[in-house]
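To convert, note that position 339 of the sequence shown is 342 in my numbering; the numbers rise steadily by one, no gaps.
Beneath this line is the structure, given in structure tokens, with notes to follow.
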Amino acid sequence: MTTVPGAWRRAVAGAGLLAPDGTIAQTIFAEMSALAARTGAINLGQGFPDTDGPAEVLDAARAAIASGVNQYPPGRGFADLRVAVAEHQQRFYGLTVDPETEVLVTAGATEALASVLLGLVDGPDDEVVVFEPYYDSYAACVALAGATLRTVPLVWPSFQPDLDALRAAVTDSTRLILVNNPHNPTGAVFSTEVLTEIVRLAHQHDAVIVTDEVYEHLTFDVPHVPVATLPGAAERTLTISSAGKTFNTTGWKVGWVSGPADLVDAVLAVKQFLTYSGSAPFQPAIATGLRLGDDFYASIRTAMQSQRDILVAGLQAAGFEVSVPQGSYFTVADAAPLGFDDATVFCRELPHLAGVVAVPVTAFTTEANRSQYASLVRFAACKKPEVISEAATRLATLAPR
Numbered sequence: 004m005t006t007v008p009g010a011w012r013r014a015v016a017g018a019g020l021l022a023p024d025g026t027i028a029q030t031i032f033a034e035m036s037a038l039a040a041r042t043g044a045i046n047l048g049q050g051f052p053d054t055d056g057p058a059e060v061l062d063a064a065r066a067a068i069a070s071g072v073n074q075y076p077p078g079r080g081f082a083d084l085r086v087a088v089a090e091h092q093q094r095f096y097g098l099t100v101d102p103e104t105e106v107l108v109t110a111g112a113t114e115a116l117a118s119v120l121l122g123l124v125d126g127p128d129d130e131v132v133v134f135e136p137y138y139d140s141y142a143a144c145v146a147l148a149g150a151t152l153r154t155v156p157l158v159w160p161s162f163q164p165d166l167d168a169l170r171a172a173v174t175d176s177t178r179l180i181l182v183n184n185p186h187n188p189t190g191a192v193f194s195t196e197v198l199t200e201i202v203r204l205a206h207q208h209d210a211v212i213v214t215d216e217v218y219e220h221l222t223f224d225v226p227h228v229p230v231a232t233l234p235g236a237a238e239r240t241l242t243i244s245s246a247g248k249t250f251n252t253t254g255w256k257v258g259w260v261s262g263p264a265d266l267v268d269a270v271l272a273v274k275q276f277l278t279y280s281g282s283a284p285f286q287p288a289i290a291t292g293l294r295l296g297d298d299f300y301a302s303i304r305t306a307m308q309s310q311r312d313i314l315v316a317g318l319q320a321a322g323f324e325v326s327v328p329q330g331s332y333f334t335v336a337d338a339a340p341l342g343f344d345d346a347t348v349f350c351r352e353l354p355h356l357a358g359v360v361a362v363p364v365t366a367f368t369t370e371a372n373r374s375q376y377a378s379l380v381r382f383a384a385c386k387k388p389e390v391i392s393e394a395a396t397r398l399a400t401l402a403p404r
């Protein structure tokens with residue numbers, strides 16, 4: 004493929020996967036998962052659950068298939084799912100969303116993000132501000148859209164941004180401010196001060212705020228505050244979420260975008276030429292899930308917090324310095340106290356040292372800022388408690404004696 008022209012080069016280069024010889028490097032996730040398979044190590048590298056979602060949701064999908072819900076849904080998504088999304092936003096956050104014009108169902112949050120970026124930026128003069136480290140598809144999609152990426156580093160160990168750095172990054176060239184909260188890969192939940200400043204800067208520079216809130220129901224000891232709930236934000240905010248992380252259905256790829264009708268229409272204009280529509284029998288199932296009782300939402304938060312606590316304790320016992328996450332699946336630890344200044348080297352050795360797989364945080368950074376995160380490692384706690392406990396026991400063997 005090295006001689007094939009096209010925009011793919013920008014996308015791969017944006018994700019940091021274009022090798023100096025022009026070939027495509029495999030992602031660190033593929034490399035680490037293959038290493039886990041070869042060594043039999045516990046894979047805490049990739050962020051997908053190892054348990055199924057609630058029975059009501061699974062049963063609703065089976066019922067939809069059996070009743071013939073197997074053809075194209077409408078381009079905007081089935082009406083009942085759009086209504087369920089609107090109900091969810093009102094129920095949990097007091098946001099009023101019109102399901103007819105202000106909600107769009109997508110093939111997961113990833114397609115939502117791609118459609119937003121392809122639809123709302125228009126070349127290198129448009130800048131997209133993201134917080135670094137960042138979910139790897141952000142940089143790839145910004146590059147594919149031909150826009151310019153601007154990053155705001157998150158500061159270890161709290162992983163809150165420096166507000167002066169944020170102010171410097173957002174300018175009149177900023178088209179979008181992309182906010183992932185709760186944050187992958189760090190597990191940070193941004194403070195209200197940070198979110199309020201984002202809204203102020205968006206108004207000052209006439210930027211659109213795009214929020215990736217797929218971990219919205221997985222925060223610990225702090226509430227999730229959607230940017231769209233802040234004063235002056237709703238009019239310029241597109242909120243993205245999905246079913247995968249809430250209902251343990253990452254393979255179903257059901258996501259959604261909500262926000263002002265004119266912005267949603269612009270996203271739809273691109274999305275209709277990507278998948279048009281999909282996940283027919285899963286859409287009514289996710290509508291069922293969104294209407295589950297408060298006890299369900301409390302239970303998934305409690306369960307993930309317990310798994311986080313087991314993982315954090317194991318990492319601390321092993322001698323890591325740990326950033327205790329306030330949300331998401333992920334915990335970041337510093338391997339430097341164990342004598343490793345290069346997290347990539349450490350992660351390649353970890354399966355042999357302790358029978359556990361993780362990923363280096365540098366997989367989520369630009370080359371320019373990689374040194375700030377050189378020794379940091381991301382672990383995923385979205386596994387069964389007994390699996391996390393076994394991983395913690397194995398990691399404890401790394402402790403200096």
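Glycine included, every Cβ here is placed at the ideal spot set by N, Cα and C.
**Per-residue DSSP class, three states only, for L379** = In the structure shown, L379 falls within a strand segment according to DSSP collapsed to helix, strand and coil.
**Asked** If you draw a straight line from the C-alpha of F343 to the C-alpha of L356, how long is it?
**Response** 13 Å
**Request:** Could you spell out where the alpha helix (DSSP H) holding G258 opens and where it closes?
**Result:** Careful: G258 lies outside any alpha helix (DSSP H), inside the beta strand (DSSP E) at 258 to 261.
**Asked** Do you know how far the Cα of P164 is from the Cα of Y75?
**Response** Computed Cα separation, rounded: 43 Å.
**Same chain only: Cβ atoms within 7 Å of V315, ignoring 5 sequence neighbours per side** = V325, V327, T334
**Prompt:** Taking only runs of the alpha helix (DSSP H) that begin and end inside the segment 236 to 309, which ones reach a length of at least 4 residues, in chain order?
**Reply:** 247 to 250, 264 to 274, 285 to 293
**Asked** Should the segment 201 to 210 be regarded as contacting the segment 159 to 174, the criterion being three or more beta carbon pairs within less than 8 Å?
**Response** Using a C-beta cut-off of 8 Å, the segment 201 to 210 makes contact with the segment 159 to 174, since at least three inter-stretch Cβ pairs fall below that distance.
**Request:** Alpha carbon to alpha carbon, how far is I27 from M4? Give it in angstroms, no decimals.
**Result:** Residue placement at M4 is flagged as unreliable, the pLDDT there being 43, under the threshold of 50; a coordinate-derived value is accordingly withheld.
**Message:** Per DSSP, what are the beta-bridge partners of A210 in this structure?
**Reply:** DSSP, once it has assigned bridges, lists no residue as partnering A210.
**Message:** What does the Cβ neighbour count give for Y279, buried or exposed, with the cut at 16 atoms within 10 Å?
**Reply:** exposed
**C-beta atoms of D139 and A10 nearer than 8 Å** = If you check the CB distance, D139 and A10 do not come in under 8 Å.
**Request:** Would you identify the three-state DSSP class for M4, choosing helix, strand or coil?
**Result:** With a pLDDT of only 43 at M4, under the threshold of 50, the placement of this residue in the model should not be trusted; the figure read from the coordinates follows. Coil.
**Message:** Strictly under 8 Å for the Cβ-Cβ distance: is G17 near chain C by that measure?
**Reply:** The structure shown contains no chain C; it holds only a single protein chain.
**Asked** Taking the alpha-carbon positions, what's the H186 to G43 distance?
**Response** Straight-line measurement puts the Cα of G43 at about 29 Å from the Cα of H186.
**Prompt:** Would you call the segment 113 to 125 and the segment 88 to 103 touching, i.e. three or more CB-CB distances under 8 Å?
**Reply:** no
**Message:** Quick check on DSSP: helix, strand or coil for A148?
**Reply:** coil
**Asked** Using DSSP with H/G/I as helix, E/B as strand and the rest coil, what is V15?
**Response** Helix, per DSSP.
**Asked** How long is the line joining the alpha carbons of G235 and D101, rounded to whole angstroms?
**Response** Looking at the two C-alpha atoms, the distance is approximately 18 Å.
**Request:** Take I243 as the anchor and find which of P23, L120, E352 has the nearest alpha-carbon.
**Result:** Selected option, being the one with the closest Cα: L120.
**Prompt:** Taking the C-alpha atoms as reference points, what is the distance between R351 and Q329?
**Reply:** 27 Å
**Asked** Out of curiosity, what's the CA-to-CA distance linking L181 and D265?
**Response** 18 Å
**Request:** Please say whether Y332 and H220 have beta carbons closer to each other than 8 Å?
**Result:** no
**Prompt:** How is R351 classed by DSSP in three states: helix, strand or coil?
**Reply:** helix
**Request:** Quick one: give me the first and last residue of the alpha helix (DSSP H) that A336 is part of.
**Result:** Note, A336: premise wrong, no alpha helix (DSSP H); beta strand (DSSP E) at 333 to 337.
**Request:** Mark F162 as exposed unless 16 or more other C-beta atoms lie within 10 angstroms of its C-beta, in which case mark it buried.
**Result:** Buried is the call here.
**Message:** Please report the distance separating the alpha-carbon of V390 from that of I303.
**Reply:** 17 Å
**Request:** Could you tell me which of V158, A338, K386, V257 sits nearest to R79, measuring between CA atoms?
**Result:** Residue V257 is the option with its Cα nearest to R79.
**Prompt:** What's the gap between the Cα of D125 and the Cα of A371?
**Reply:** 25 Å
**Asked** Is DSSP giving G330 helix, strand or coil here?
**Response** strand
**Prompt:** Whose C-beta lies closer than 8 Å to the C-beta of A377 among residues of the same chain, with five residues either side of it excluded?
**Reply:** D344, D345, A346, T365
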